[in-house]
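2 protein chains.
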Amino acid sequence: MGQLELLDQTLLPTSVEMLPFHDLHGVHEAIVSLRVRGAPAIGIAAAYGVVVGLQDAIRRRASTKESVQLATEACDYLATSRPTAVNLFWALDRMKRVIDRNTGVASAVELGNQLLREARLIHDEDRRMCHAIGEYGAALFEEGFGILTHCNTGGLATSEYGTALAAILTAHDQGKDIHVFADETRPLLQGARLTMWELQQYGVPCTLICDSMAPQVMREGRIQAVIVGADRITARGDTANKIGTYGVAIAAKHHGVPFYVAAPTSTFDLSIVEGNEIPIEQRKSEEITCAFGRRTAPEGVSVYNPAFDVTPAELITAIVTERGVIHPVDEQHVRAMVVRNASV
Amino acid sequence: MGQLELLDQTLLPTSVEMLPFHDLHGVHEAIVSLRVRGAPAIGIAAAYGVVVGLQDAIRRRASTKESVQLATEACDYLATSRPTAVNLFWALDRMKRVIDRNTGVASAVELGNQLLREARLIHDEDRRMCHAIGEYGAALFEEGFGILTHCNTGGLATSEYGTALAAILTAHDQGKDIHVFADETRPLLQGARLTMWELQQYGVPCTLICDSMAPQVMREGRIQAVIVGADRITARGDTANKIGTYGVAIAAKHHGVPFYVAAPTSTFDLSIVEGNEIPIEQRKSEEITCAFGRRTAPEGVSVYNPAFDVTPAELITAIVTERGVIHPVDEQHVRAMVVRNASV
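As they're listed, the protein sequences go chains C and S. FYI, our numbering numbers position 137 of the first sequence as 137, with every residue one higher than the one before it. To convert a position in the second sequence, counted from 1, into our numbering, add 344.
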């Protein structure tokens with residue numbers, strides 16, 4: 001059945017290392033510790049993770065009943081890894097539906113094959129999604145644009161090209177003369193470590209700044225558009241994304257700079273309307289107090305470390321999905337784009 | 345004549361070390377490398393630095409003419425250490441006026457004594473200034489306030505209690521139940537390393553956050569006032585302060601939170617009106633790419649690293665000085681407070 005391998009993103013940019021996964025706990029740990037991160041990539045990794053969780057049962061030629069139970073437990077366990085990105089639950093729901101449809105199969109092998117097929121389908125759909133978002137997003141950028149992005153939304157966060165970064169890379173591929181400003185994205189520096197690395201690989205002109213410098217760069221007239229990814233978007237368009245996104249959106253509004261979100265329809269959670277209903281993951285204080293192995297705050301200080309914030313729809317100019325651009329951002333236009341067969 | 349000793353702030357909070365200074369170059373390097381930092385503290389250190397620069401001449405019993413020349417050169421040299429904080433130039437101008445008044449003295453020793461007296465006067469005035477700013481500033485905070493601050497404005501940045509931090513510490517001394525949120529302040533983490541350390545020493549309830557989290561904390565209703573220091577304030581009230589201040593001011597306005605600046609009148613530069621005339625120091629890229637000894641961005645990336653930004657007067661609710669509170673912030677009210685004997 002092959003083997004799941006993921007690039008360990010915590011080691012970038014100084015080391016490029018592939019991690020092989022032999023059991024479910026390894027996949028769970030990789031998501032918790034951000035070895036794999038980015039809403040779409042978490043969904044894909046979790047889908048493959050369910051298959052990894054069944055490999056031992058397949059080797060043992062376990063009964064169908066036991067295999068179904070193990071696969072279901074794998075889904076439930078992986079769902080506890082991170083609370084905010086909805087793509088995780090979306091992917092695991094798809095895997096669960098495959099399990100439900102295959103309770104009558106003859107063997108663990110057959111169930112495993114069905115699950116692997118679904119994981120590959122999710123993976124393939126993600127590739128197409130990246131391509132489509134890239135095309136729709138690139139159309140928003142004009143020649144000479146300075147574009148600000150926050151966190152990492154490239155191939156590392158997805159299967160290919162990414163979401164917000166796909167729009168940037170596609171514009172660059174089209175020959176548009178753009179310049180990217182990347183927020184370093186404290187505390188874990190996904191912008192400095194990952195986005196700058198990806199932009200460098202693709203040869204896109206780019207400048208690294210600290211998160212706190214973005215408003216100043218806007219004031220200097222160097223930013224014509226902001227584009228970011230999303231971890232969960234509500235029915236009215238309120239968007240949970242990496243902490244710091246909300247501040248960027250406020251600064252963009254203050255400077256009259258359009259603020260775009262790029263995300264696949266799998267990132268929408270139409271079961272909730274208001275952004276404050278999105279659960280926000282709190283992470284450990286050491287991410288802030290022990291930056292990069294050295295203690296940078298006194299022992300024993302109190303720390304607040306939310307991994308995400310919510311940008312209300314009012315601050316979002318448009319949301320770029322693989323099906324098209326949602327604009328203006330409100331419940332009517334979100335539902336019209338996201339609900340299949342909905343009439344506009 | 346004693347010896348100049350300064351706390352090496354680059355080693356905080358893990359190590360508390362006093363640095364002795366034997367020559368002018370050491371003082372210059374200490375200001376450039378932020379071993380001593382904070383607009384008022386830079387002014388005080390530079391004033392004493394002129395005396396340090398004369399010590400060798402005093403030991404050699406150099407001629408008055410040579411001593412005057414050495415002291416003047418010391419002033420000019422120290423003025424090249426950092427471009428933005430005006431207190432540096434203000435203090436050196438005072439030292440220069442002492443030199444000018446003492447070109448006829450009998451010896452290097454006498455000139456040195458006059459210069460030391462002026463440096464001590466600047467130092468003493470700073471202590472009284474901190475106390476007065478603390479009293480005026482504390483009056484702005486009510487029981488139960490959450491107060492956000494950015495960078496470090498405490499005793500480390502001044503001679504005592506500080507400017508913005510003086511207001512916080514005085515309110516705490518008055519028994520007011522306040523809670524401070526301190527931005528860590530990238531890239532050099534003065535908030536995490538210095539402000540949290542000072543607040544901890546004084547027992548003020550406080551929470552450390554990343555700079556990008558401030559808007560979210562405001563959105564949660566946990567901030568009732570923002571107070572920051574300043575490195576230079578123009579005649580209309582535009583304020584240069586640590587990079588990130590401008591973004592905090594925009595977020596405060598968005599949330600209807602008052603935004604206060606606390607600074608002595610020596611921080612005002614009435615020779616310029618518009619904030620964009622303030623020279624902004626650009627610092628080296630390694631401060632961002634090699635955070636605390638570990639490389640956190642790919643080799644060879646382009647970096648933008650302005651040390652300060654300018655917050656326009658329109659975003660500032662009031663400026664707290666040692667003479668009283670400037671409100672509203674405009675040229676008329678700034679001049680009325682700062683120009684001695686000006687009529688309101």
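Yeah, the Cβ is synthetic: ideal placement off N, Cα and C, and Gly gets one too. None of these values were measured; they are calculated from a predicted model.
- Query: Do three or more CB pairs link the stretch 485-495 of chain S to the stretch 507-525 of chain S at distances below 8 Å?
  - Reply: A contact exists between the stretch 485-495 of chain S and the stretch 507-525 of chain S.
- Message: Rounded to whole angstroms, what is the Cα-Cα separation between I280/C and A85/C?
- Response: Take the alpha-carbon of I280/C and the one of A85/C: they are about 9 Å apart.
- Uninterrupted alpha helix (DSSP H) stretches inside the stretch 47-86 of chain C (no shorter than 4 residues): Entirely contained in the stretch 47-86 of chain C, the alpha helix (DSSP H) runs reaching 4 residues are, in chain order, 64-78.
- Runs of beta strand (DSSP E) lying entirely within the stretch 504-576 of chain S, each at least 3 residues, in chain order: List check, beta strand (DSSP E) in window: 523-527, 550-553, 569-572.
- Task: Give every residue of the same chain whose Cβ lies closer than 6 Å to the Cβ of Q374/C, excluding the five residues on either side of it in the sequence, and list them in chain order.
- Result: Because chain C spans 1 through 344 in this model, residue 374/C falls outside it and cannot be assessed.
- Message: So, at 7 Å on beta carbons, what are the nonlocal neighbours of Q174/C in its own chain, with the 5 sequence-adjacent residues on each side left out?
- Response: The residues are A138.
- Task: Go ahead and pull the three-state DSSP assignment for S343/C.
- Result: Legend: pLDDT at S343/C = 46, less than 50; position of this residue unreliable, value from coordinates given subsequently. In the structure shown, S343/C sits in coil (DSSP, three-state: anything other than H, G, I, E or B).
- Report the three-state DSSP secondary structure of E479/S (helix, strand or coil). DSSP places E479/S within a helical segment (H, G or I) once states are collapsed to three.
- Task: Give the single residue among R294/C, T311/C, R283/C whose Cα lies nearest to the Cα of V303/C.
- Result: Ranked by Cα distance from V303/C, the options R294/C, T311/C, R283/C are led by R283/C.
- Item | Assumed close pair A593/S, I660/S - CB separation to whole angstroms, cut-off 8 Å | With 8 Å as the limit, A593/S and I660/S qualify as a contact, their Cβ atoms being about 7 Å apart.
- Query: In three-state DSSP terms, what is G456/S?
  - Reply: DSSP places G456/S within a helical segment (H, G or I) once states are collapsed to three.
- Message: Can you look up Q626/S in the DSSP assignment and give me helix, strand or coil?
- Response: If DSSP states are grouped into helix, strand and coil, Q626/S belongs with the strands.
- Query: Is it true that the stretch 576-596 of chain S meets the stretch 651-665 of chain S, where meeting means three or more beta-carbon pairs spaced less than 8 Å apart?
  - Reply: Yes, the stretch 576-596 of chain S touches the stretch 651-665 of chain S.
- Indicate whether at least one CB of chain C lies closer than 8 Å to the CB of C474/S. So no, C474/S is outside the interface.
- In chain order, what residues of the same chain have a beta carbon less than 6 Å from the beta carbon of E618/S, not counting five sequence neighbours either side? Cβ contact annotation for E618/S (same chain, cutoff 6 Å, sequence separation greater than five): none.
- For L115/C and E160/C, the rounded distance between their alpha carbons: If I take the Cα positions, the gap works out to 22 Å.
- Item | Residue interval of the alpha helix (DSSP H) (run including G370/S) | 368-376 is the extent of the alpha helix (DSSP H) around G370/S.
- Item | Contacts around F308/C, its chain only, beta-carbon distance under 7 Å, and the 5 residues preceding and following it disregarded | The residues are T84, D231, A240, N241, K242, I243, I280, E281.
- Have a look at I663/S, R684/S, R667/S and flag the residue whose alpha-carbon is nearest the alpha-carbon of D674/S. The residue from I663/S, R684/S, R667/S with its alpha-carbon nearest to that of D674/S is I663/S.
- alpha helix (DSSP H) segment containing E675/S, residue limits: Counting along the chain, the alpha helix (DSSP H) containing E675/S begins and ends at 675-682.
- Message: Please state whether the Cβ-Cβ distance between G448/S and V395/S is less than 8 Å.
- Response: The criterion of a C-beta distance shorter than 8 Å is not satisfied by G448/S and V395/S.
- Find the nearest neighbour of E502/S within the set M439/S, I443/S, G581/S, I386/S, judged by alpha-carbon distance. Note on identity: in this sequence residue 502/S is Thr, with Glu being the wrong assignment. For T502/S, the nearest C-alpha among the options comes from I386/S.
- Counted within 10 angstroms of its Cβ, other Cβ atoms place Q9/C as buried (16 or more) or exposed: By the neighbour-count rule (16 or more Cβ atoms within 10 Å), Q9/C is buried.
- Message: Taking the beta strand (DSSP E) that A240/C belongs to, which residues open and close that run?
- Response: It spans 239-242 - the beta strand (DSSP E) in which A240/C sits, taken as one unbroken run.
- Task: Specify whether the stretch 65-83 of chain C and the stretch 15-23 of chain C touch according to this definition: at least 3 beta carbon pairs, one from each stretch, less than 8 Å apart.
- Result: At 8 Å Cβ cutoff, the stretches do not touch.
- Query: How is the beta strand (DSSP E) around V325/C delimited, first residue to last?
  - Reply: Note, V325/C: beta strand (DSSP E), 324-326.
- Message: Using a Cβ-based criterion (distance less than 7 Å to any ligand heavy atom), does N102/C qualify as near the ligand FMN?
- Response: Because no ligand of any kind appears in the structure shown, any question about the ligand FMN cannot be addressed here.
- Once you ignore the five residues that flank V109/C on each side, which residues in its own chain have a CB closer than 6 Å to its CB? Answer for V109/C: I58, listed in chain order.
- From the beta carbon of R627/S, is the nearest beta carbon of chain C less than 8 Å away? Not one chain C Cβ lies under 8 Å of R627/S.
- Just tell me which of D269/C, V228/C, Q3/C has its CA closest to the CA of G134/C. Among D269/C, V228/C, Q3/C, the Cα nearest to that of G134/C is on V228/C.
- Query: Who does I272/C pair with in a DSSP beta bridge?
  - Reply: Residue pairing by DSSP places I272/C in no beta bridge whatsoever.
- Message: Can you pull the chain S neighbours of A214/C, defined as C-beta to C-beta under 8 Å?
- Response: Close to A214/C, with beta-carbon spacing below 8 Å, are these residues of chain S in chain order: G591.
- How would you list, in chain order, the residues of chain S whose beta-carbon sits under 7 Å from the beta-carbon of H254/C? Within chain S, the residues near H254/C are I594.
- Query: Hey, how far is the Cα of R335/C from the Cα of L270/C?
  - Reply: Rounded to the nearest angstrom, the two C-alpha atoms are 8 Å apart.
- Per DSSP, which residues does E349/S bridge with? Please list them. Answer by DSSP bridge pairing, in chain order: P364/S.
- Task: State yes or no: is the beta carbon of V303/C nearer than 8 Å to at least one beta carbon in chain S?
- Result: Interface with chain S (8 Å Cβ-Cβ cutoff): V303/C is included.
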